[in-house]
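> Have a look at this one before I ask anything.
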Amino acid sequence: MPSWADASSRLTDFAIQKLNSTFDTVSKAMPTVTKYVLDVTSMNCLVNILQGLVMLIISGIMGYTALRLWKYGEEGYTDRHEFSMIGGVILGIGCVISLIISVVILIDFWSWVGIFRPDLYLIHLAVQKVVH
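Residue 64 in the numbering used here sits at position 35 of the sequence shown; the count goes up by one each step and never skips.
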């Protein structure tokens with residue numbers, strides 16, 4: 030009859046063997062995983078910058094439309110020129126708000142760092158998590 034010491038020893042050997050094989054597998058996959066993490070990080074930062082550019086384009090279109098509506102209202106191209114001018118003011122306010130949002134997104138230093146140096150960006154995120 031096997032003793033508890035033999036069973037415990039075999040179980041410990043089995044666990045150590047499985048842990049060693051797991052560590053070997055992880056160490057072989059680590060360079061690929063690191064590359065993918067850096068690629069995903071730079072893509073996320075690029076998406077942030079692209080969102081800022083889209084907001085900038087939208088604010089430009091809104092500004093142009095607001096100016097055209099205001100002009101139509103002033104020159105009396107429509108019968109209800111006050112509605113045209115009110116629409117121009119509303120679109121102008123929306124233009125200013127979207128312009129502010131896009132500028133805030135585009136001047137974010139860490140988004141630009143994340144595109145070109147994702148390793149530094151990840152270090153910055155880690156330090157932020159520790160500090161806050």
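Beta carbons: idealized from backbone N, C-alpha and C, even for Gly. As the structure is a computational prediction, the values presented were derived from the model and not from experiment.
1. Given S131, which residues of its chain have a CB within under 7 angstroms of its CB, disregarding the five upstream and five downstream residues?
2. Nearest-angstrom Cα distance between R109 and C124?
3. Are at least three pairs of beta-carbons, each pair with one atom in the segment 59 to 70 and one in the segment 114 to 121, less than 8 angstroms apart?
4. Restricting to Cα atoms, I'd like to know which of S38, R39, T94, V69 is closest to L151.
5. Helix, strand or coil for T97, going by three-state DSSP, please let me know.
6. How many angstroms separate the CA atom of S38 from the CA atom of L48?
7. Contact check, W139 vs H153 under 8 angstroms by CB: the rounded distance?
8. If you reduce the DSSP assignment to three classes, tell me which class I144 lands in.
9. Count the other C-beta atoms from every protein chain shown that fall within 10 angstroms of the C-beta of M59, then say buried if there are 16 or more, exposed otherwise.
10. Thinking A95 and L120 are a contact (beta carbons under 8 angstroms), I'd like their distance in whole angstroms, please.
11. Under a Cβ-count criterion, where at least 16 other Cβ atoms within 10 Å of its own Cβ denotes burial, should M91 be classed as buried or exposed?
For this structure:
1. Start at 1 with the first residue of the sequence shown, and residue 131 comes out as number 102. G81, M84, L85, S88, listed in sequence order.
2. The residue you call residue 109 lines up with position 80 of the sequence shown. The residue you call residue 124 lines up with position 95 of the sequence shown. One C-alpha to the other measures close to 23 angstroms.
3. no
4. On the sequence shown, residue 151 is found 122 positions in, with the first residue counted as 1. It is V69.
5. For the purposes of this step, residue 97 is taken as the residue at position 68 of the sequence shown. Here the sequence assigns Arg to residue 97, which means Thr is not the residue at that position. Helix, per DSSP.
6. Counted from its first residue, the sequence shown places residue 38 at position 9. Counted from its first residue, the sequence shown places residue 48 at position 19. Whole-angstrom Cα-Cα distance: 15 angstroms.
7. As a first step, residue 139 is located in the sequence shown; it is residue number 110 there, counting from the start. As a first step, residue 153 is located in the sequence shown; it is residue number 124 there, counting from the start. The Cβ separation is near 6 angstroms, so the contact holds.
8. As a working note, residue 144 is residue 115 in the sequence shown. It is helical.
9. Numbered from its first residue, the sequence shown carries residue 59 at position 30. Classification for M59: exposed.
10. Counting from one through the sequence shown, the residue named residue 95 turns up at place 66. Counting from one through the sequence shown, the residue named residue 120 turns up at place 91. Rounded, the Cβ-Cβ distance is 4 angstroms, consistent with contact.
11. Counting from one through the sequence shown, the residue named residue 91 turns up at place 62. Buried: at least 16 other Cβ atoms inside 10 Å.
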